[in-house]
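Residue numbers (the working numbering): 3 to 267. Working notes, structure below.
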């Protein structure tokens with residue numbers, strides 16, 4: 003069994019046991035959808051690559067299905083997230099293409115494997131662009147693919163003919179490892195920043211008990227302090243002020259009545 007199949011099998015087991023639920027939610031994928039995608043990738047990896055001409059081929063499980071998932075995630079994005087996706091893809095592709103020139107050609111001289119390095123690059127860029135796990139997935143997959151495509155086109159232009167295999171052999175291992183690292187890195191940085199940030203405790207004055215309600219003391223739900231509740235609280239505050247003013251007026255009237263009664267006596 004290849005490394006890519008082992009990795010996908012481990013992911014299937016993790017999803018079946020409920021791991022990464024928050025990540026799937028952020029990517030707008032359910033457990034069933036994730037399982038269907040992963041099983042489809044496993045089946046597609048067994049199918050031989052599809053060749054188009056002499057110098058181009060792609061794998062159904064290694065590229066076509068992940069590419070379809072990336073397109074689905076891009077379609078489900080808003081306009082701002084979609085722009086970030088395109089920027090992330092271009093940045094990842096540009097940096098990876100530049101690293102191909104800067105890194106030594108001999109694999110023994112490289113400190114870190116390219117597949118891990120690409121994942122770190124995609125994860126950092128995706129986090130800086132929008133702290134999105136979904137963008138990390140899209141940027142890692144499509145950014146690496148775009149870098150491969152650009153390199154292949156340059157090779158064909160300079161008559162150094164080479165084969166572009168998207169998701170074939172070690173290429174899919176690079177995809178899957180880069181996606182895992184980028185999404186995990188984005189999740190890790192996000193959790194660290196969230197835990198390091200001091201959350202301001204939200205307090206709401208309760209005019210019935212004359213105390214402050216908050217999430218910390220359990221008297222205020224996190225989702226109840228909405229705009230409608232604020233309006234109600236303002237209305238209650240105005241009512242209390244009106245009642246207090248009327249009480250003062252009544253007390254003043256009572257005092258004046260007493261003074262007048264004494265003076266008449």
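Even for Gly, the Cβ is constructed at its ideal location relative to N, Cα and C.
- Put simply, the backbone Cα of residue 189 is about 23 Å away from that of residue 147.
- The three-state secondary structure of residue 79, taken from DSSP, is coil.
- With 16 or more other CB atoms across the displayed protein chains lying within 10 angstroms of its CB, residue 68 is buried.
- Close CB contacts of residue 41 within its chain, under the 8 Å cut and outside five residues either way in sequence, are with 14 (chain order).
- Considering only 169, 79, 56, 31, the residue with the shortest C-alpha distance to residue 163 is 56.
- DSSP places residue 60 inside the beta strand (DSSP E), whose first and last residues are 58-60.
- With fewer than 16 other Cβ atoms from the protein chains shown falling within 10 Å of its own Cβ, residue 80 counts as exposed.
- Within the segment 131-207, the complete beta strand (DSSP E) segments of 3 residues or longer fall at 166-168, listed in chain order.
- A residue is called buried when at least 16 other Cβ atoms come within 10 angstroms of its Cβ; residue 154 meets this threshold and is buried.
- The C-beta distance from residue 137 to residue 193 rounds to 17 Å, too long to meet the 8 Å contact threshold.
- Its chain contains 10 as the residues whose beta carbon lies nearer than 6 Å to that of residue 44, once the 5 sequence neighbours on both sides are disregarded; these appear in chain order.
- For the 8 Å CB-CB criterion, residue 179 and residue 99 do not form a contact.
- The criterion of a C-beta distance shorter than 8 Å is not satisfied by residue 31 and residue 46.
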